[in-house]
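Since the structure comes first, as structure tokens, the remarks are kept for the end.
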Amino acid sequence: MADASAEGVPGTGGSGVPVTAPWLRTRLRSAPGTAWALALLVAVTACLAAAFPRVLDRYEDAGLREAARQAGPGKTSFQLFGQQADLTLPEDQREADLRPGTLRSRYDRVRTVAGRPLVVDPAQSAYGVRPTDDPAVPDAWIPRPNGLPAHVHPATQSDLAGHATVRQGRLPRASGQVTARTPEVEAAVTAATADALHITVGAVIHVPGEERAPLAVRVTGILTPRDPGGAYWSTQPLLRTPTLVALPTPDRPKYWLGALLLAPDAAPALLGTTAAPVPYWQLAPDPAALHAHDLDRLRTAVAALESGPGLQLARTYTTPDTDVSTGLDDVFTSFGQLRSGVRPLTAIAAFGTGTVAVVVLLMTGALAADRRRTELALLRARGASLRGLTARLFAETAVIAVPAGAVGLTVALLAVPAGRAGHALWAALAVTLVASAALPVRAALTHRTVRVHGPREDVTTLRPSRRRTVAELTLLVPAAGAVEALRRSGTSGAAGNQLVSLAPVLVGVIAALVLVRGYPFLLRGLTRPAGRLRGVVAHLSLARAGRTSASAVLPLLALLTALTTAAFGGSVLAGVSDARDHAALLSVGADARLDATAPLPSRLPDRIRRLPGVRGLAEVSITDDAKPLDGLEAVPLVGADPAAYGELASRTGLGAFPQGQLRRPARSDAVLPALASPSVASAYGTRPFLVRLPDTSAVTVRIVLVRDATPALSGADFLVVDRTGLPGTAARPTSLLVTGARVSGAALRSAAGSAAGVTVRAEQRARYVDSPLQSGAGRVYAAAVAAGAGYAVLALLLALLRAAPERAALLARLRTMGLTRAQGRRLLILESLPQALLAAAGGALTGWATIRLLAPGVDLTSVALASAQSPLGEAHLRTDPVSLTVPALGVLVVAVGVAGVQAWWSGRRGSVRELRAGDAR
-9 MADASAEGVP GTGGSGVPVT APWLRTRLRS APGTAWALAL LVAVTACLAA AFPRVLDRYE
51 DAGLREAARQ AGPGKTSFQL FGQQADLTLP EDQREADLRP GTLRSRYDRV RTVAGRPLVV
111 DPAQSAYGVR PTDDPAVPDA WIPRPNGLPA HVHPATQSDL AGHATVRQGR LPRASGQVTA
171 RTPEVEAAVT AATADALHIT VGAVIHVPGE ERAPLAVRVT GILTPRDPGG AYWSTQPLLR
231 TPTLVALPTP DRPKYWLGAL LLAPDAAPAL LGTTAAPVPY WQLAPDPAAL HAHDLDRLRT
291 AVAALESGPG LQLARTYTTP DTDVSTGLDD VFTSFGQLRS GVRPLTAIAA FGTGTVAVVV
351 LLMTGALAAD RRRTELALLR ARGASLRGLT ARLFAETAVI AVPAGAVGLT VALLAVPAGR
411 AGHALWAALA VTLVASAALP VRAALTHRTV RVHGPREDVT TLRPSRRRTV AELTLLVPAA
471 GAVEALRRSG TSGAAGNQLV SLAPVLVGVI AALVLVRGYP FLLRGLTRPA GRLRGVVAHL
531 SLARAGRTSA SAVLPLLALL TALTTAAFGG SVLAGVSDAR DHAALLSVGA DARLDATAPL
591 PSRLPDRIRR LPGVRGLAEV SITDDAKPLD GLEAVPLVGA DPAAYGELAS RTGLGAFPQG
651 QLRRPARSDA VLPALASPSV ASAYGTRPFL VRLPDTSAVT VRIVLVRDAT PALSGADFLV
711 VDRTGLPGTA ARPTSLLVTG ARVSGAALRS AAGSAAGVTV RAEQRARYVD SPLQSGAGRV
771 YAAAVAAGAG YAVLALLLAL LRAAPERAAL LARLRTMGLT RAQGRRLLIL ESLPQALLAA
831 AGGALTGWAT IRLLAPGVDL TSVALASAQS PLGEAHLRTD PVSLTVPALG VLVVAVGVAG
891 VQAWWSGRRG SVRELRAGDA R
């Protein structure tokens, strides 16, 4: 009978033969609600775990491609150039090297040099012939801005018909076999070149010859590029757009430089000119094939093609002296630096939320094991082996968890189509394994010894074992090491160090263990004062809180870890937002500003004041070339109205000062009081000194105030004086600093017209988020905080549900002795408050301590500002009060709410059902 009982639930068939119902089917039918709840939890957790690496891949890939897009094809394309042909070679051989057939065969071979993961986009790659010298042409009808003759860039590029539309005329052709002695060839120009150089169809441009007559280039067509921003046209933008070239002389005279697009077969004709033609091949990487996880391999491929085996192979396929030029390695380096600053922060968020999720999964197993303690003890007493019982429990949970994990993985793959599937599969598999093993492992640990009745494990009476003490002390060592490593090296120097990413979690776990150790002493200290109160509710609630099982410390670990992670994540998000706000404020100096290089129109300030949303306006004059003591070093000089400018400085917090100390004295020849930066004050002291202005006038100033920052300027050097004390044009405002909650950039630009440039603080702030990697890291952190909060609430609910049947029975018994419903509600609420208060207060304190400990090593600059130029410098982590208090208060609200709902529900059900004999409580 012992074996039969262990194998299944016995029954009797119609023929009287005993039959055994399958274990799994019986268990699932006995508790369908529990099975569905576990399936939902596993599916959601597996979905989040599988989506996380794919989301990171998507954001990192988008960031890499955006970095390549911002760099432009001129930097990202590979440009292979041959050298000028040896003049000792026969002329026909030099001509053959420039013909399209030869260039095409070499292009087909060299295109294979850049192997995976560096994929070449054939649609944007090209080859052709280009000059090493841009000769000046004698044609006087081409514009000459400073009297200098225009220069031309005669070149050929493959597949011109596939990348341009003929606006006028036709594409150039070559009649017969073109040689270095051919007197005339055909060419086309782009519309931009035609407009700038006044070129029309049929025009003839004469390129100077080399020991021969000039080469006549007849323009047969005007083209419009189909994709001007693509690599085909933008790798060498001169082919598309002409440019004004300034000579390096004091007066910097300029001349026009434009490209002539010859027919490919006409390239040998350039050998007879002073252009000195060379062959080239340009290889454009395919942006869609760039993946951030291949960054190291991409760097290796670029290095090999620039100066390694790839270059040797390219020279074998083309010419022995071919050179390779690209800026793609710089793009990869800058992106790698940005990613190295972002990755550790996202890893901290992932480890924090992942830890809380694992704790919740373990709590579900512990809850199921506690609910079935009597059943499992009876099976062990009747002969069930520990191995067999563990295997059956594992199969029981796996039959629920495996399909749920598969569903979660499928949803994640569909919701986030980009990214690597392997990492998502392993993440979902880990969640499924933890969910499947939580119940059997907990049951095996509890029932390794056969006994029907176990001893009480009250938290106030049970003493921690030596093994637990050793385990806690062992956990303290890596936690302290991780915190110290993060403080010393910072996040940017700890990329890939998973121990450092675990530091906030480990600090939270250590704090949780300390609080659990102190929890019994807290309860014992509260018991005596509660015993002297009138009524039994307070005393009974503390007694009930002390009867909590010692195994219920797991919920406290989950809550503290979740609260610490939420506080850390919320502080990161708040720190990033504050850093961007402050950097934008330092750059603009107000909510908006208008700047001009000359004095502003006198009516412009009144027009700006009348705009909707404008609350204040400060008129300032900025002189960049003011020279103290008639020296060589210039110091920016700001002239402002002390009242308006002082109010602006106080409102923005940028160097507030007493307005009266900066006012101009009544005497016209008096020394002007000045506000200076620390560097200027250190250089010139507090004695009066002369400041020479660009118009040769001068003022005498004396530094009376020193401030680190001022609204008008974001640099480290500045002087601020009363504008009325400045002479001549130096007193007229050149900038307007505008304040207001809803300042419209469009309205300001409309009012200013062409008189001034407009900079809006909100627009400047948006510039700091210039990479999808930045925005993605922010979203990942926000999602991690939200998920951590959700799992924390779930952990609290599981902890309260564990004792729900026992509490319901207690309320039923107490009601038979005269306990009212109001007293019952207070009893349950007060019973749940000690642990909730401990978790809330401990979580807030632990979060604060974690942030203070780790803040010196956490640099948020990469996430907040990235590559955008900012006067802020570094952005460090700071404590966010909202992130500390709101989650802690949420724990209290949920605990009180659940206890109140349970008391209300128990009152509605009545006491008869709870008092039935034989029910296991």
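Following this note's numbering, the numbering of the sequence shown begins with -9 at its first residue and continues without gaps.
Idealized CB from N, CA, C, for every residue including glycine.
C-alpha distance - residue i paired with residue j, whole-angstrom precision
i	j	result
residue 144	residue 194	13 angstroms
residue 157	residue 112	25 angstroms
residue 188	residue 254	24 angstroms
residue 274	residue 109	9 angstroms
residue 894	residue 784	21 angstroms
residue 578	residue 889	53 angstroms
residue 138	residue 53	45 angstroms
residue 820	residue 892	13 angstroms
residue 838	residue 460	27 angstroms
residue 473	residue 34	31 angstroms
residue 126	residue 247	9 angstroms
residue 842	residue 869	7 angstroms
residue 608	residue 591	15 angstroms
residue 485	residue 338	Model confidence at residue 485 stands at a pLDDT of 42, short of 50, so the residue's coordinates are unreliable and nothing is read from them.
residue 751	residue 617	30 angstroms
residue 221	residue 214	15 angstroms
residue 776	residue 405	18 angstroms
residue 867	residue 831	22 angstroms
residue 744	residue 299	55 angstroms
residue 262	residue 333	57 angstroms
Contact check, residue i vs residue j, beta carbons under 9 angstroms
i	j	result
residue 885	residue 825	yes
residue 559	residue 774	yes
residue 689	residue 715	yes
residue 427	residue 32	no
residue 29	residue 421	no
residue 120	residue 146	yes
residue 100	residue 304	yes
residue 321	residue 57	yes
residue 727	residue 652	no
Integer-rounded CB distance, given that residue j should sit under 8 angstroms from residue i
i	j	result
residue 713	residue 611	6 angstroms
residue 619	residue 680	6 angstroms
residue 223	residue 97	About 18 angstroms; that fails the 8 angstroms criterion.
residue 835	residue 509	14 angstroms between Cβ atoms; not a contact.
residue 211	residue 135	Actually they are not in contact, since the Cβ atoms of residue 211 and residue 135 sit about 26 angstroms apart, beyond 8 angstroms.
residue 122	residue 266	4 angstroms
residue 552	residue 771	The pair is not a contact, with the Cβ atoms about 15 angstroms apart (cut-off 8 angstroms).
residue 175	residue 205	7 angstroms
residue 280	residue 55	6 angstroms
Option in the options with minimal Cα separation from residue i
i	options	result
residue 384	416, 367, 431, 689	431
residue 74	636, 264, 32	264
residue 912	802, 778, 648, 17	What the structure shows of the chain is the stretch from -9 to 911, and residue 912 is not part of that stretch, so it cannot be assessed.
residue 51	277, 686, 214, 180	277
residue 643	700, 49, 132	700
residue 916	433, 294, 466, 334	This structure leaves residue 916 out entirely; the chain is present only between -9 and 911.
residue 912	259, 300, 87, 761	Nothing can be reported for residue 912: it is not among the residues displayed for the chain, which extend from -9 to 911.
residue 725	880, 815, 628, 572	628
residue 887	708, 791, 179	791
residue 42	307, 64, 198, 398	398
residue 631	746, 649, 128	649
Residue i beta carbon near the ligand NAD (any heavy atom closer than 8 angstroms)
i	result
residue 890	Within the structure as shown, the ligand NAD is missing, as the structure has no ligands at all.
Minimum Cβ-Cβ distance from residue i to chain C less than 9 angstroms
i	result
residue 465	Note that chain C does not occur in the displayed structure, where there is just one protein chain.
Item to complete: Any chance you could list the alpha helix (DSSP H) runs of at least 4 consecutive residues sitting entirely within the segment 343 to 427, in chain order?
Response: Listed in chain order, they are 363 to 371, 376 to 405.
Worksheet item: What are the uninterrupted segments assigned as alpha helix (DSSP H) that are 4 or more residues long and contained completely in the segment 654 to 691, given in chain order?
Response: Every alpha helix (DSSP H) of 4 residues or more that sits fully in the segment 654 to 691 is shown, in chain order, as 668 to 674.
Fill in: Residue ranges of each alpha helix (DSSP H) within the segment 800 to 871, 4 or longer
811 to 844, 851 to 854
Practice prompt. Run through the segment 59 to 91 for me and flag every whole alpha helix (DSSP H) of 4 or more residues, listed as ranges in chain order.
Written response: 63 to 66, 81 to 86
Worksheet entry | Every unbroken alpha helix (DSSP H) within the segment 247 to 316, with a cutoff of 4 residues, ordered by chain | 285 to 297, 299 to 307
Discussion item. My parser needs the alpha helix (DSSP H) runs of 4 or more residues fully inside the segment 178 to 232; what are they?
Written reply: For the segment 178 to 232, the continuous alpha helix (DSSP H) assignments of 4+ residues that do not extend past its boundaries occur at 181 to 187, 221 to 224, in sequence order.
Worksheet item: Going along the chain, which unbroken runs of the alpha helix (DSSP H) with 4 or more residues stay wholly within the segment 544 to 608?
Response: 594 to 599
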